[in-house]
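Line by line, the protein sequences give chains D and A.
Numbered per the working numbering, the first sequence spans residues 1 to 211.
Numbered per the working numbering, the second sequence spans residues 1 to 202.
No residue lacks a Cβ here, since even glycine has one placed at the ideal position from N, Cα and C.
Down below is the structure, laid out as structure tokens.
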Amino acid sequence: MKKIVFLLALFVLAMTACKNLPPLDDLSSNFVVLTNYDTTADFTSYRTFAVRDTIQVVTNDPKDSVWYDAGAQQIIQEVVNQMTAAGYQRVDVHSNPDLGIQLVGLKNTTIYAIPPGYWWGYPGWGSPCYWGYCGGWGYWYPYYYTVAVSTGTIIIDMADLKDASDHIGKINIVWNIVGNGQIGSSTSFIVDQCVRTVKQGFLQSPYIKAQ
Amino acid sequence: MKKIFLIILVFIQVAGMAQQRGTSDFHVNWEFGVPVGNNFITNFSALGFNIGYGKFIKDDLAVGFDLGWNNYYQYAPTKTYEYPGGAATTDLYKYIHTLPMTLYAVHYFHTESIFAPFVKLGLGAQYSEQNIYYNVYETTNENWGFTAIPEIGTVVHFRKDNPWGLYTSVRYKYSTNKAEVFGINNVSSINFNVGLAYLLKH
Chain D
1 MKKIVFLLAL FVLAMTACKN LPPLDDLSSN FVVLTNYDTT ADFTSYRTFA VRDTIQVVTN
61 DPKDSVWYDA GAQQIIQEVV NQMTAAGYQR VDVHSNPDLG IQLVGLKNTT IYAIPPGYWW
121 GYPGWGSPCY WGYCGGWGYW YPYYYTVAVS TGTIIIDMAD LKDASDHIGK INIVWNIVGN
181 GQIGSSTSFI VDQCVRTVKQ GFLQSPYIKA Q
Chain A
1 MKKIFLIILV FIQVAGMAQQ RGTSDFHVNW EFGVPVGNNF ITNFSALGFN IGYGKFIKDD
61 LAVGFDLGWN NYYQYAPTKT YEYPGGAATT DLYKYIHTLP MTLYAVHYFH TESIFAPFVK
121 LGLGAQYSEQ NIYYNVYETT NENWGFTAIP EIGTVVHFRK DNPWGLYTSV RYKYSTNKAE
181 VFGINNVSSI NFNVGLAYLL KH
């Protein structure tokens, strides 16, 4: 009986730790694009919009707080193009715009911790076969270490400025786009992903229309 | 790797028990199948096994316990998922991991001949995870459910009077594991088994 309980416990422990993950390397590296909207907002009631001309960036480095180079301008211009195509008119921020749009970027780090012991890796991890040890061989790490995977987030917030004075202290964000994903270190990849996020965000939000 | 190691360990342990004196009803199988009853995953998977051990309480009736392990996954190309107040666009992998643990009763026909067909019913609990993976993220669900596993199959002994034989069967695995966020009402499946059996009645 003791033996059975021991085996059962061993089985549950081993097998829960023992998932055969899908080939995650096959997943697209495109940002995951989420959009959220205020279900009570009437997007046809707005006519004009203004966009901030820089992107606020939140990172571990306090010097990195604003993004304003050509890459940032490309992303902002995509927002302007999409808004114009949806029938809204861009105006200066001092001309009482109905909508205010701002972009925020987040760069952070996700840590994967790898416990001591056998490690059969993420898909694509160097196969032991390369070293001539096929079939049943695995790597053993006698120590604990971590892998940092850099991820980024771009947020495009749309604020209702038309009705802001009706609610003291509250600027209602009637719509936003959130793009999330792994970013690595290539700036052009980041810019491409942000532009793509803007396009996809508008595409999946057909209710953003002036008329 | 670790997996293979532990499977071998469990196998050796159980095989050791099977060779003790007394009656034995032992099987270890490679198990493949397809989830049914939910639209989350409809792909066939060959990632599975089960192992069981019991005792004969009558000439043609044995009771014991059975443990299983199955993985299923399916890729969903980039698509926009709409929900109240928003939408999300991504490609993703859908994934189901199951560990059914059952007590079973099995009735054998023609236990004295080379062919020993059987009907079996297992009742117990199933631990399951239903996950989605997208970009570098995952959304995870873990739950327990009740499981009922009717099964029909046959053991073909390698020789008459040899307790070892080839085990083949088909199982319907009903379970009540639920994940509302993915629209999963049950994690049932139809599975096929091929493996080894060891039947000793005295």
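(request) Thinking residue 162 of chain D and residue 46 of chain D are a contact (beta carbons under 8 Å), I'd like their distance in whole angstroms, please. (result) 6 Å
(message) Which residue wins for smallest C-alpha separation from residue 36 of chain A, given the options A:191, A:198, A:202 and A:195?
(response) A:191
(request) Could you confirm whether any beta carbon from chain A is found closer than 8 Å to the beta carbon of residue 172 of chain D? (result) no
(request) Taking C-beta pairs closer than 7 Å, name the residues in chain A that residue 204 of chain D reaches, listed in chain order. (result) 80, 87 and 89
(request) Can you tell me which of A:45, A:58 and A:87 puts its alpha carbon nearest to the alpha carbon of residue 24 of chain A? (result) Of the candidates A:45, A:58 and A:87, the residue whose Cα lies closest to the Cα of residue 24 of chain A is A:58.
(request) Following the continuous alpha helix (DSSP H) through residue 249 of chain D, name the residue where it begins and the one where it ends. (result) A query on residue 249 of chain D cannot be resolved here, the shown segment of chain D reaching from 1 to 211 and no further.
(message) Given a cut-off of 8 Å on the beta-carbon distance, is the pair residue 122 of chain A and residue 103 of chain A in contact?
(response) In this structure, the beta-carbon distance from residue 122 of chain A to residue 103 of chain A falls below 8 Å.
(message) Between D:173, D:188, D:211 and D:198, which has its C-alpha nearest residue 40 of chain D's C-alpha?
(response) D:173
(message) So residue 97 of chain A contacts chain D; which residues on that side make the cut at Cβ distance below 7 Å?
(response) 19
(request) State whether the segment 177-196 of chain A contacts the segment 127-146 of chain A, with contact taken as three or more CB pairs (one from each stretch) at a distance under 8 Å. (result) The segment 177-196 of chain A vs the segment 127-146 of chain A: in contact.
(request) Starting from the C-beta of residue 123 of chain D, find all residues in its chain whose C-beta is less than 6 Å away, skip the five residues before and the five after it, and write them out in chain order. (result) The predicted position of residue 123 of chain D is uncertain, since its pLDDT is 42 and thus under 50; a value taken from the coordinates is nonetheless stated next. Once the five neighbours on either side are set aside, the close Cβ partners of residue 123 of chain D are 23, 24 and 25.
(request) Please say whether residue 49 of chain D and residue 97 of chain D have beta carbons closer to each other than 8 Å? (result) Yes, the Cβ-Cβ distance between residue 97 of chain D and residue 49 of chain D is below 8 Å.
(message) Quick check on the burial criterion: 16 or more other C-beta atoms within 10 angstroms. Buried or exposed for residue 168 of chain D?
(response) exposed
(request) Flag this pair as yes or no: are the beta carbons of residue 88 of chain A and residue 34 of chain D separated by less than 8 Å? (result) yes
(request) Take residue 32 of chain D and list the residues in its own chain whose beta-carbon comes closer than 8 Å to its own, dropping the five residues that flank it on each side. (result) 179, 180 and 181
(request) Starting from the C-beta of residue 156 of chain A, find all residues in its chain whose C-beta is less than 7 Å away, skip the five residues before and the five after it, and write them out in chain order. (result) 114, 115, 165 and 166
(message) Could you give the first and the last residue of the continuous beta strand (DSSP E) run that contains residue 125 of chain A?
(response) 115-134
(request) Assign residue 159 of chain D to buried or exposed, taking buried as 16 or more other Cβ atoms, counted over all protein chains shown, within 10 Å of its Cβ. (result) Buried is the label assigned to residue 159 of chain D, since at least 16 other Cβ atoms lie within 10 Å of its Cβ.
(request) Within its chain, find whatever has a CB closer than 6 Å to the CB of residue 154 of chain D; leave out the 5 residues flanking it on each side and keep chain order. (result) 105, 179, 194 and 197
(request) Could you name the residues of the same chain whose beta carbon sits closer than 6 Å to that of residue 129 of chain A, not counting the 5 residues immediately before and after it, in chain order? (result) 97 and 142
(request) Return no unless some Cβ of chain D is closer than 8 Å to the Cβ of residue 167 of chain A. (result) no
(request) Give the residues of chain D in contact with residue 75 of chain A, contact being defined as C-beta atoms less than 9 Å apart. (result) 22, 23, 26 and 27
(message) Out of A:62, A:112, A:44 and A:61, which one is the CA nearest neighbour of residue 160 of chain A?
(response) A:112
(request) Under 8 Å between beta-carbons, which chain A residues line up against residue 32 of chain D? List them in chain order, please. (result) 88, 89, 90, 134, 135 and 137
(message) Pop quiz: residue 148 of chain A and residue 174 of chain A are said to be a contact at Cβ under 8 Å. What is the actual Cβ separation, rounded to whole angstroms?
(response) Confirmed, Cβ separation roughly 5 Å.
(request) Taking only beta-carbon positions, decide if residue 73 of chain D is within less than 8 Å of chain A. (result) no
(message) So, at 6 Å on beta carbons, what are the nonlocal neighbours of residue 37 of chain D in its own chain, with the 5 sequence-adjacent residues on each side left out?
(response) Around residue 37 of chain D: 175.
(message) Checking 8 Å against the spacing of the C-beta atoms, do residue 93 of chain A and residue 73 of chain A come in under that value?
(response) Cβ atoms of residue 93 of chain A and residue 73 of chain A: closer than 8 Å.
(message) Please identify, using Cβ separations under 7 Å, the residues of the segment 46-60 of chain A that lie next to chain D, in order along the chain.
(response) 47
(request) Return the Cβ separation of residue 61 of chain A and residue 50 of chain A in integer angstroms, given the expectation that the two are a contact with Cβ distance under 8 Å. (result) At roughly 20 Å, the Cβ-Cβ gap does not stay under 8 Å, so residue 61 of chain A and residue 50 of chain A are not in contact.
(request) Could you pull out every residue in the same chain whose Cβ sits closer than 8 Å to the Cβ of residue 145 of chain A, ignoring the five residues on either side in sequence? (result) Around residue 145 of chain A: 125, 126, 128, 175, 176, 177, 178, 186 and 187.
(message) At the 8 Å Cβ level, is residue 93 of chain A part of the contact set with chain D, yes or no?
(response) yes
(request) Would you please verify whether the beta carbon of residue 193 of chain A is less than 8 Å from any beta carbon of chain D? (result) Chain D, which has no Cβ nearer than 8 Å to the Cβ of residue 193 of chain A, makes this no.
(message) Can you confirm whether residue 200 of chain D, when its beta carbon is compared against all beta carbons of chain A, has any partner nearer than 8 Å?
(response) yes
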